[in-house]
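Chemist: The listed protein sequences correspond, in order, to chains A, B, C, D and E. Counting in our numbering, the final residue of the first sequence is number 253, and the numbers go up one at a time with none missing. Counting in our numbering, the final residue of the second sequence is number 536, and the numbers go up one at a time with none missing. Counting in our numbering, the final residue of the third sequence is number 862, and the numbers go up one at a time with none missing. Counting in our numbering, the final residue of the fourth sequence is number 1173, and the numbers go up one at a time with none missing. Counting in our numbering, the final residue of the fifth sequence is number 1727, and the numbers go up one at a time with none missing. Even for Gly, the Cβ is constructed at its ideal location relative to N, Cα and C. Here the structure is a predicted model, which means the values were calculated and not measured. What follows is a structure written as structure tokens; I'll ask about it next.
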Amino acid sequence: MLEVKGLSKYFSSGILRKRYTKAVDDVNFSIKRGETLGLVGESGCGKTTLGRSILRLIEPTAGKVLFDGIDILKLNKKELRTFRPRMQMIFQDPDASLNPRMKIRESIAEPLKLQRVEKCEIEGKVQELIERVGLSPEHANRYPHQLSGGQNQRVVLARVLALNPDFIVADEPTSALDVSVQAQILNLIQDLKRELNLTLLFISHDLEVVRYMSDRIAVMYGGKIVEMGDVEDIFNDAKHPYTKLLVSGKEVV
Amino acid sequence: MRGALKSGNVFCKNRIGVTGLGILSVFILTAIFAPFLAPYDPCEMFEPMAPPDSQHVLGTNDIGQDIWSELIYASRISLFIAFTTSIIATFIGTLSGLFSGYYERFGFFVMRVVDLFLALPRLPLIIILAVFMPTSIWNLIIIFVLFGWPITTRIIRSEVLTLRTRPYIDSERMMGAGDLYILGRHILPNIFPLVVVQFVMEARHVILAEAGLSFLGLGDPTSKSWGMMLHYAFEYPTIFISEVWKWWMLPPGLCIVVVILALVFVGFALEEILNPRLRREIV
Amino acid sequence: MHHLTKITAYILIIFVAISINFALPRMMPGDPITSLTDDPTTGMPVIMDEDIKEEIRSYYGLDKPISEQYTDYLKDILKCDLGWSIYYNAPVAEVIFERLKWTLLLVGTSTLIYMILGIFLGAVSAWKRGERGDLGLLVSVLSIGSFPSFFLAMLFIILFGVKLDIFPIFGATTPFMEYSSTFDAFKDVLYHLILPASTLVLTSIDGPYLLMRNSMLGVLGEDYIVTARAKGLTEWAILKDHAIKNALLPITTVIAIRMGFMISGAIFVETVFAYPGIGKLLYDAVSFSDYPLLQGAFLIITLIIIAANFIADMTYLYLDPRVKHG
Amino acid sequence: MNLLKIKALRVYFPTDDGIVKAVDGVDLNIKREEILGLIGETGCGKTVLGMSIMRLIQSTTLTDGEIIYKDRDLLSLSDDEMRKIRGGEIAMVLQNPMTSLNPVIRVGEQIAETIRLHQGLDKKAARKRVIEMLRDVRIPDPEKSVDSYPHQLSGGMQERVMIAMALASDPELIIADEPTKGLDVTVKREIIRLMKEVTAKRSMLFITHDLGAAAEICDNIAVMYAGELLEHASVDSIFSEPLHPYSEGLLNSLPERGLKPIRGISPSLIDTPQGCRFHPRCDYAMEICREKHPEMVKLEDGRAVRCFLYA
Amino acid sequence: AAAEDKKVLKIEGGDYGYPSPFTFYSRGPGYIRMSLIFDTLTWKDDEEIIPWLAKSWKSENGGTKWTLYLEDDVRWHDGEPLTADDVKFTYEYIKDHSGSPLFKWFSVLNYMDHVEAPNDRTVVVTLTDPLPSFLTDFAGCIPIIPEHIWKDVSDPTRFTDPEAVIGSGPFKLAEYNKAEGYYLYEANEDYFKGVPLVDELILLEVGDPALALSAGEIDEASFWGSEIDAVETFEADPNFEVISGPSFWVLKTIFNCEKYPTNIPDFRRAIAYGIDRGEIIDQVVHGGAIVANTGILHPDSSWYMPGLPDYAKNDAVANQLLDDLGFIDTDGDGIREYPSGEDLEFELLTGDRFAREAELIQEQLEAIGIKTTVKAMSTKTLDAILKEGNFYIAVSGHGGIANPNLLETPNWPGDTYHNDTYDSIFLEQETEMNHAKRKDLVNQLQKTIANDLPVYTLYHPLIWSVYNPDKLDRWFYTLNGVATGIPIEMNKLIFFARFGDANEDGDIDMRDVTKIARMICWLDPETDAADANRDDKLNVLDIIYTELIILGRV
Ligand SMILES: Nc1ncnc2c1ncn2[C@@H]1O[C@H](COP(=O)(O)OP(=O)(O)OP(=O)(O)O)[C@@H](O)[C@H]1O
Ligand SMILES: Nc1ncnc2c1ncn2[C@@H]1O[C@H](COP(=O)(O)OP(=O)(O)OP(=O)(O)O)[C@@H](O)[C@H]1O
Ligand SMILES: [Mg+2]
Ligand SMILES: [Mg+2]
């Protein structure tokens, strides 16, 4: 369903003499429909950049991103806009993912409005989504700062669901959250995924979380994918030295 | 709505802000109702240089105009110039700030212009322009706007730059929202408080600059502003060796001081409200 | 690398400033020849033959095509020749430099004092935030900062020059006083400096004060201040070694920009106190349409401001290791 | 032998919305050479508790109770006396090394400050000591690193500097507030090992909500919820057999234990629930839980738990 | 102690350049500063032209040839003698360097054909055309410079060595501070006219003259027009004395004589009747001015023509004139309309300084149904607009109206008045050597202006000198202004005992005797038979002569 070929993103700095940071360097992989690919790697290795490049939130330097056979990187602005709702992203910081000046209700209604859903239908849909992600209707009239991080992440999920996406990039969706809340959110994502047959790219630096969430795992190091394979293969039989280092010290409590 | 109410609430608790707003409203009301408040037409001439008495609370100026009425009418010009300029400059600054923050390439060029404007000595340039443009209120406004927008642009832009990378803006884009939609519906409301602060600060700056230019004799000599009153007072040969300064120089000077202070108070309070780190220890 | 870009930017700004300086006076109405012949003091009209005017124009090179005037102008600037002042009938550089020292003295002293004082008071205010002292300081600094400099100057003249008669009211020195020692001379200059400098200091102090207060409030909320406190440092040591330096960082640039404002502000103070500085000169040059002088005064003021910015940038580099080694 | 004894500590923050009871009646003892872990979800009052031991909480708070350190009540010491204890006898490692180091001062100087202050060494001697310290926390090339600025070091090295700083004056008690927050998994692991090593002969209050880290390093664990302690037990017993339903829920939320979340959301610290604070989210809640506030129950094996199930 | 005995006089001033003849700023005060160091052949006191470096002179060939005889023992500050060669050198040198910006002061040199020095003490100037004002504008204006210093100087405007201020005058420059605008002069003990009354003269820039004067920082300051309020304060103060003089300055409304409707003389007259000049003087100038001569020239000028129509405020006449022209208020809004139906309305341009006068005029014109809007601008801009002819009415002022040459372009700086007869009369008077005839021509010019009204003059401000008489009390205003007409009280004559003054010993200065002798020769009917003041002079002479006899001096 999603195929990434030779994707690279270099950041340049300096005006006279350019210097490049190879944040993502010639990355290739594919994800099947309904599959979850976990992406692990140390901080700054390029995970976020990769996720954002795939969705064209930043323009990649080179490569192809084929989504159902369409090269996303070739779409023009208008085509991209109509195409976008099919792919969504969930960010690490749930509080920053919502406009602080909009009520929860408005935030969730926003994608519906953008999709030109009939005005009269919106209210009902919003209610439905709110319940779907396990919030209570009273939350609809609050502002993000009046809710906890876990609740905000639910709102983000509700909003993503409103668009009926096929593919979601979850960029460390729970790393800002508490263990107990993390469990709630991760479970919710799993449930929704199963129900809606979503395809997921799940980014995290927490091996245990990725292990729980993913079908396959890709290990990223210095902008490149250094190892990729089924969950258990990676955990039991790591090949790359970095993966070994990651897996070796895991504490079993 | 509650967000707004909340900051309103904080504002009310902020004694400095409320004081400023109070003073400012007094002056705005004075300006609006000047014809009802002033005992005379400020251009009507009586005996020149009459000291204060029951007829003329603050006496008359060098050509016999009632100083008290002049003072009241002057609040009109001073505030009019200040607010008109601030509105236009903040408007231009906000728009260019918004777009230059959002579109990098456009922003790059705008910022070079802004840098240039900020690197050039502002007041000397204004003085020159003021000397050679026919002195009218509108020319003054044009000059002030010309030099007022870049600061706002820069401040708004840097705010937009940080807002632009917020995940919620990315989410909007992912939902298929267009640039204008994002700018108008998501970024603008978030920078609006900053725009208000800029507006207030610009108004303060303009009042000072207008007074300064008028004082140097570069304002419109036929208009009645506090700076112009001070200019005529300063030109008066015995201003320092007689007592006339008490009723001719002091009142317009103090009016400028108080209005600026009020604006500073309001701006200061607004900034405290906007900066949550400062808010905790509000006075 | 970083320095190179900075320096390129500075050169560019200087170049644009020079071009504006050249173009601006020429776009203004009024011929310098008229100003040369008209006499504002006595207003005596001088009706001149066109050929005499021509002669004078060519004397000043005003008859050449604009492009040639421009290249000449650039060449001269490189040679440090700012031209010949039409009104003052002397080399522009000489006219300017003679006044420049007074402006630099006035602005320099005031800047030094208001910066140190403003920063100190700002730090104190932030340290005592929310307390009575902070509020008192805040309100008084904001109030005094709201005085237009010329108004405060006039009040000072009345109060200290006339009513109390303890300070001189004009000039930079006592004219033709014969000093018995350099100390005497210094005393005299200082004596004349006090009122204008205090005016500038008082009316400008709100800037650094507020900046420092805000910056300090920010810094005081940082984790490393808690760390410092956790180490058992005294409050004074925390303020001195940890808070002030960090709080100063973001405001150095702003203060440099304000240095430019100070020079501008000096125009008013110099006018009221008849202080023989460049601000007053600029104003005179404008009213006499003295192109070369105007251009020169502008250029010098611009250069000073750019230099101030440059110094600030360098100070910033020196102060902030994140930039220096980044 | 108790090094630190906290008795009925209350720390309240008056705010616009009401009084935030961040710490509400905490009793806690730290023995010599004990490493006590303090765990609990975000916002339950862990940091406030740690900071109030050091008296680093701003003056507008309402603090009540006793914090007895070696027979002296820290809360009633003068500012000066307290300052001598801070950094000297009790040291603190703050969460997030990136922001806890002053960016414009060389790291060596930041460590030396403490040494000079508490051990009265001169500049040169202090520097020598700093280099030793850096070597102790295994910073490569300490002679060079001592003159680095924080931003020139990696996150892991910064954390090491923080630890060196805390150890610098050879304190008896270290309060470490989530020292591994914001660090990479691999780095985190090394730091935890290091901490374990260097605190071998010291006492430590280790604040975290990273259960894995706590399990690795601590002797005993205290579980905190909504401003009060719910359970206190040895590390082994709590991970193998948590008594309080909250402790159990917390452990079950771990991915490796099946990601079973506690339902509901954490309570506000302004209007804490009547009765047992955890009852709205508790699967075992009884009638009494709704009405009465449970007291800490001491069990025979040295464990203590605040739950009617064990009353 | 000796220093304290020094008599020091401090005067309000400012920087007007290095006081060499080629580096002072091209302004009256600059010339004055220079004139303290450099002498001219003739000079003026409050009444007449007096001999200076030249003790006598004669004109021949219908005023194109002038022979001047120099004083005998005049020396430069450096001790060198001043000779006729120096004078010849000066005139030729300046003429050769006519591109210098100070040329305007010396532009009369254009009239010079050549100059000769037949001997040490005699100079003969031959002119191309007769120059009636030779004695004031030529001999009385051009400073004589030492040949031995200037002969090698190629660009005099850039020559600022100390030698550049070696003159022959009563003062030597001791110090000059450009930045602060301070001048310090020392008396020239060897001056050929005697020792000046003060040992040191200081000119300094003060922020506020009234304040500086009352604080004793300066001993003299001058005031102008509406500054009369300050003058009155000092008048009431026994420590100060005040003298008043003519400013030779006029404020005028300038009409565009090329644009409808201001090109209609009756329209201009109507406006003149509508303006109340008395009210302007009372209200704006506080009485510090006199109603202007409608013929422009100042009443204190010897060329003044009295009795010209003054268009005293009369709304009835004004309205009648306007009605007759067809400007009638048909819609009753108080504003007249053009015959075409549009409102009679235009801008009233003014320089910044005269906005208040303009505003009052605006009010006065409104009373006769003419609507104007005051538009104030810098003098520079206004002048530029006036030169372009882009205006209807403007208020502007200028000085120098002691001199009939000013009448060349009556609505200067505008140039919209064209009258061939007027122009030819002007040209004729320029070269008319017969005083009475010339005066008649000038009268005709003034009459034409007063009737045609290309400008309507408003007021002539008064000027005052306020001084501390203990320091120096010889202040006076020079006849028609110093040199070419600078209305400044600082004539170098004030530093000398005047005619009839007793010196410190109670004796009459011997120089007065010289003066009497000169007057006697001056009264020679051949020299100036038609002098209007002849009788006055005779009277004065009588009085002094009698006094001298009483004192036993003659
Ligand atoms: N806009 C940018 N400009 C320049 N460099 C960038 C930019 N964004 C990211 N980088 C650099 O690209 C590299 C990869 O960054 P990225 O955010 O993708 O890492 P990450 O793996 O997501 O890290 P984390 O776990 O901390 O989120 C980093 O070295 C970063 O500094
Ligand atoms: N200065 C303050 N004013 C008001 N409330 C405060 C203040 N400081 C902390 N709080 C509140 O006290 C509670 C406890 O905060 P604390 O920082 O101790 O939590 P924590 O357990 O350390 O959480 P985390 O794991 O996120 O660090 C929180 O609800 C917080 O909002
Ligand atoms: Mg990332
Ligand atoms: Mg915490």
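Does residue 1660 of chain E come out as helix, strand or coil in the three-state DSSP assignment?
Modeler: In the structure shown, residue 1660 of chain E sits in coil (DSSP, three-state: anything other than H, G, I, E or B).
Chemist: Can you grab the Cα-Cα spacing for the pair residue 1557 of chain E / residue 1563 of chain E, in whole Å?
Modeler: Between residue 1557 of chain E and residue 1563 of chain E, the C-alpha separation is close to 9 Å.
Chemist: Mark residue 562 of chain C as exposed unless 16 or more other C-beta atoms lie within 10 angstroms of its C-beta, in which case mark it buried.
Modeler: Burial call: exposed.
Chemist: Which of the residues in the region 1444–1478 of chain E, read from start to end, lie with their CB under 7 Å from any CB of chain B?
Modeler: So the list reads 1456, 1457, 1459, given in the order they occur along the chain.
Chemist: Could you check the C-alpha separation between residue 105 of chain A and residue 170 of chain A for me, to the nearest Å?
Modeler: C-alpha separation (whole angstroms): 22 Å.
Chemist: Leaving aside the five residues before and after residue 394 of chain B along the sequence, list all residues of the same chain whose C-beta is less than 8 Å from its C-beta, in chain order.
Modeler: Answer for residue 394 of chain B: 334, 337, 338, 341, listed in chain order.
Chemist: Using a threshold of 7 Å, is the CB atom of residue 904 of chain D nearer than that to any non-hydrogen atom of ligand 5?
Modeler: With respect to ligand 5, the structure offers nothing, as its ligand set consists of ligand 1, ligand 2, ligand 3 and ligand 4.
Chemist: What residue range does the alpha helix (DSSP H) around residue 268 of chain A cover?
Modeler: No information on residue 268 of chain A is available, as it lies outside the stretch 1 to 253 that chain A covers here.
Chemist: From the beta carbon of residue 719 of chain C, is the nearest beta carbon of chain B less than 8 Å away?
Modeler: With 8 Å as the cut-off, residue 719 of chain C does not count as an interface residue toward chain B.
Chemist: Is residue 1013 of chain D near ligand 1, going by C-beta to nearest heavy atom under 7 Å?
Modeler: No, since every heavy atom of ligand 1 falls outside the 7 Å radius drawn around the Cβ of residue 1013 of chain D.
Chemist: Beta-carbon distances below 6 Å to any heavy atom of ligand 1 define the shell here; list its residues in chain order, please.
Modeler: For ligand 1, the selected residues are A:11, A:21, A:23, A:41, A:43, A:44, A:45, A:46, A:47, A:48, A:49, A:205.
Chemist: Is any heavy atom of ligand 2 found at a distance shorter than 7 Å from the C-beta of residue 907 of chain D?
Modeler: Because some heavy atom of ligand 2 lies under 7 Å away, the Cβ of residue 907 of chain D counts as near it: yes.
Chemist: Note down the Cα distance separating residue 1115 of chain D from residue 1046 of chain D, rounded to an integer number of angstroms.
Modeler: Near 21 Å, if we compare the C-alpha coordinates of residue 1046 of chain D and residue 1115 of chain D.
Chemist: Spatial neighbours of residue 1542 of chain E within its chain, please: CB distance less than 8 Å, with the 5 preceding and 5 following residues excluded, ordered by chain position.
Modeler: Around residue 1542 of chain E: 1492, 1495, 1500, 1502, 1507, 1508, 1509, 1517.
Chemist: Would you call residue 616 of chain C buried or exposed, if buried means 16 or more other Cβ atoms sit within 10 Å of its Cβ?
Modeler: So residue 616 of chain C counts as exposed.
Chemist: What are the boundary residues of the alpha helix (DSSP H) that includes residue 148 of chain A?
Modeler: Premise fails: residue 148 of chain A is in no alpha helix (DSSP H) and is neither H nor E.
Chemist: Is the region 436–448 of chain B close to the region 311–321 of chain B, with three or more CB pairs under 8 Å?
Modeler: Output reads no: the region 311–321 of chain B does not touch the region 436–448 of chain B.
Chemist: Please list the residues of the region 461–477 of chain B that have a C-beta atom closer than 7 Å to any C-beta atom in chain E, keeping them in chain order.
Modeler: If the cut-off is 7 Å between Cβ atoms, the region 461–477 of chain B has 470, 473, 474, 475 near chain E.
Chemist: Looking at the C-beta of residue 1021 of chain D, does it have a partner C-beta in chain A at a distance below 8 Å?
Modeler: With 8 Å as the cut-off, residue 1021 of chain D does not count as an interface residue toward chain A.
Chemist: May I have the straight-line CA-CA distance separating residue 1199 of chain E from residue 271 of chain B, to the nearest angstrom?
Modeler: For residue 1199 of chain E and residue 271 of chain B, the distance between alpha carbons rounds to 57 Å.
Chemist: Taking only heavy atoms of ligand 2 into account, decide whether any of them is closer than 7 Å to the Cβ of residue 875 of chain D.
Modeler: Yes, the beta carbon of residue 875 of chain D sits closer than 7 Å to at least one heavy atom of ligand 2.
Chemist: Could you pull the start and end residues of the alpha helix (DSSP H) that residue 423 of chain B belongs to?
Modeler: 420–427 is the extent of the alpha helix (DSSP H) around residue 423 of chain B.
Chemist: How big is the Cα-Cα spacing for residue 778 of chain C and residue 1164 of chain D?
Modeler: Looking at the two C-alpha atoms, the distance is approximately 45 Å.
Chemist: Under three-state DSSP, which class holds residue 1287 of chain E?
Modeler: Looking at residue 1287 of chain E - three-state DSSP - the assignment turns out to be strand.
Chemist: So, helix, strand or coil for residue 1476 of chain E, using DSSP?
Modeler: Residue state, collapsed to three classes: coil.
Chemist: Which of the three DSSP states is assigned to residue 909 of chain D in this structure?
Modeler: Helix, per DSSP.
Chemist: Between the region 449–461 of chain B and the region 511–529 of chain B, are three or more C-beta pairs nearer than 8 Å?
Modeler: A contact exists between the region 449–461 of chain B and the region 511–529 of chain B.
Chemist: With DSSP collapsed to three states, give me the class of residue 676 of chain C.
Modeler: Three-state DSSP puts residue 676 of chain C in a helix.
Chemist: Between residue 135 of chain A and residue 907 of chain D, what straight-line distance do the alpha-carbon atoms span, to the nearest angstrom?
Modeler: Distance between the alpha carbons of residue 135 of chain A and residue 907 of chain D is about 26 Å.
Chemist: Identify the contact partners of residue 514 of chain B in chain C, using a Cβ-Cβ distance below 8 Å as the criterion.
Modeler: What residue 514 of chain B touches in chain C: 678, 679, 682.
Chemist: Could you say which of E:1568, E:1446, E:1544 lies nearest to residue 1526 of chain E if we only look at CA atoms?
Modeler: When only C-alpha atoms are compared, the closest one is E:1568.
Chemist: Are the C-beta atoms of residue 16 of chain A and some chain B residue less than 8 Å apart?
Modeler: The predicted position of residue 16 of chain A is uncertain, since its pLDDT is 49 and thus under 50; a value taken from the coordinates is nonetheless stated next. With 8 Å as the cut-off, residue 16 of chain A does not count as an interface residue toward chain B.
Chemist: Please state the DSSP three-state secondary structure of residue 415 of chain B.
Modeler: Residue state, collapsed to three classes: helix.
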